[in-house]
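Let me begin by presenting the structure, written as structure tokens, before commenting on it.
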Amino acid sequence: MRASKGWLAVGCLVAGLGFYGCSKDGGKTVRLAQFMTDPNLIKIITDAAKDIEKRHPELKIKIENIPYNEYEQKVVTQFSAGNAPDVLFVEVNNFVAFHSRGLFDDLKPYCEKDRINLKGYYPGLMARFSPDGSLYALPQDTAPEGLVYYNKKAFKEAGVPFPTENWSWPKDFLAVCQKLVKKDAEGKTVRWAFNDAYEIRFQNFLYSNGGNWVDNTAKPTRLTLDSPKAIEAAQFRYDLIHKYHVSPSPSELQTMSQASGAEEMFVTGRIVMMTSGVWHTPKFLQSKDLEWDVTSFPKGPGGKKGWGSGGSGYALVKTSKKKDLAWIVIKEITNARTMAQMAGTGMMQPALIQLAESDAFKLAPGAAHKSVLLKMPGHSNYNPFMKEWSEIYWGQLTPEFDRFWSGTKQPKDVLPELTQKVNEKFFKKDVAP
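In structure tokens form, the structure reads like this:
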């Protein structure tokens, strides 16, 4: 699941912390911190907490909700003060920052004791939560970000066949995009072919072209955005905006969306295709006039599939004094029953492969061809496993990317120098023996 969605407890709300199952008996109270807010999942997690307490009267659960943009700082502060939660909800990116601080206990001994089959989870997500062979979070969901939502009415109007998993870029994808753009009598674009769900990105083009942010995702030693594959991917995304005019520039996006965002533009037909993850499903289902479906992001020029991915799980905080009780909460809150209920909302793909391939997920509300998601984790990629990545991406890379998304520079003029700058600042230089 992506960091912008999630769960909240519906209990007493105090100073930004939501509590359920509050108990004066701290000796059996397990504190669970999380950052999610989706109302449909609130009831599921609340009911799950109640059910756990019924079956395990020896414990109480207190859910503490912290806004995502404050989550890392708040938890680290609590940890430093000796007041950390017992269980921590994590997603694949903030997990790295917490793990680098040594916050988590290894869950493998607990899983072995209770005979939990760890081979039943998507391997990529398990690897993300097992950076040194230990397991620091029990997965809940996986969230490939290579899903392409498309407006069926617009395709029909343009006389373009619906896209399939076999399409590729640049040729197939560009040809489709050029036929989908619509202009008014004055030549002004009133319907764009393609855009990302959030800020303009090129990570899916990067991965599907055989490139990557760094040389080794698990143990990065240098940024690799100066590689031909990376520059080619960024250049094609740039060309979609400034050469072919099938995707809006930042200024055009702002003017046309009036701050409503790409998701709303897709709902209203101003964007025909949008790439992201499955979590948009409930919103799109609410629109009665929207006829939509999904497919996977197109293959790269060499036939490779690849995209970014999210995902989440629950971790046991090392300083917890109630680890056995905390483990019960982790084990029960990620069980197949709870996962199936979440999958039933249409916005979450279970981390358990067998459950994702069951009717619990396949028959949940959603796109007619959402079964493409079942193959997608095998082509998923994660951000570099380094605590500084957020600082690098948002503080160093994004401002420079904006220079070519706005059209003032081209990727080939920015990426080599930018890569060198980041490598000198954040990566240690090789030292000759």
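In terms of the working numbering, the sequence shown is residues 78 to 510. Positions of the beta carbon are idealized from the N, C-alpha and C atoms, including for glycine.
Distances from the CA of Pro200 to each of Phe374, Arg480, Pro427, Gly484 were compared; the closest alpha carbon is that of Pro427.
In the three-state reduction of the DSSP assignment, Pro216 falls in the strand class. Around the beta carbon of Val267, fewer than 16 other beta carbons sit within 10 angstroms, so the residue counts as exposed.
With contacts defined by Cβ atoms closer than 8 Å, Asn281 and Glu309 do not form a contacting pair. In this structure, the alpha-carbon of Glu130 lies about 38 Å from that of Pro461.
Looking at the DSSP output, Gln280 bridges to nothing. In this structure, DSSP gives Arg192 a state outside helix and strand, which the three-state scheme calls coil.
For Thr352, the secondary structure class from DSSP, reduced to helix, strand or coil, is strand. One thing to note: Ser373 has its Cβ no nearer than 8 Å to the Cβ of Leu202.
The alpha carbon of His322 has as its nearest neighbour, out of Glu341, Gln331, Gln255, Met419, the alpha carbon of Gln255.
Residue nearest to Ala110 within the set Met463, Glu141, Ser389, Lys400 is Glu141 (criterion: CA-CA distance). DSSP places Gln111 inside the beta strand (DSSP E), whose first and last residues are 106-111.
Annotation: Ile129 is outside any beta strand (DSSP E); the continuous alpha helix (DSSP H) that includes it extends over 116-132. Distance from the CA atom of Ile410 to the CA atom of Arg480, rounded to whole angstroms, is 44 Å. Distance from the Cα of Arg205 is smallest, within the candidate group Ser457, Leu495, Ser467, Val491, for Ser457. In terms of CA proximity to Pro216, Leu432 leads the group Asn293, Leu362, Asp490, Leu432. In the structure shown, Gly388 falls within a strand segment according to DSSP collapsed to helix, strand and coil. Ranking Trp404, Ile430, Ala403, Ile405 by CA distance to the CA of Met416 puts Ile430 first. Here Ser324 is near Phe271, since their CB atoms are less than 8 Å apart.
Glu468 and Leu474 have their C-alpha atoms some 9 Å from each other.
For Arg268, the enclosing beta strand (DSSP E) begins and ends at 266-273.
Three or more pairs of CB atoms, one per stretch, sit closer than 8 Å, so the stretch 158-166 contacts the stretch 400-408.
Judged by DSSP secondary structure, Asp436 falls within the alpha helix (DSSP H) whose first and last residues are 436-439.
For Asp191, same chain residues with a beta-carbon under 7 Å away, outside a window of 5 residues either side, are Lys408 in chain order. Measuring C-alpha to C-alpha distances from Ser157 to each of Asn170, Gly179, Leu136 identifies Gly179 as the nearest. Secondary structure of Leu180 (DSSP, three-state): coil. Between the alpha carbons of Tyr315 and Met351 lies a gap of roughly 16 Å. Taking C-alpha positions only, Ala262 is separated from Leu195 by approximately 59 Å.
Sequence-distant Cβ neighbours of Leu136 in its own chain, meaning closer than 6 Å and more than five residues away, are Lys105, Val107, Leu402. The alpha-carbon separation between Asn228 and Lys365 amounts to approximately 13 Å. If you draw a 10 Å sphere on the C-beta of Leu440, you find fewer than 16 other C-beta atoms in it, and that means exposed. If you look at Phe166, you'll find it in the beta strand (DSSP E) that goes 164-168. With contacts defined as CB atoms closer than 8 Å, Ala444 and Trp369 qualify as a contacting pair.
Proximity of the stretch 385-402 to the stretch 179-189 meets the contact definition, three or more beta-carbon pairs being nearer than 8 Å. DSSP, reduced to helix, strand and coil, places Thr301 outside both helices and strands of the structure shown, so it counts as coil. Per the C-alpha coordinates, the member of Trp466, Val491, Glu494 positioned closest to Phe175 is Trp466.
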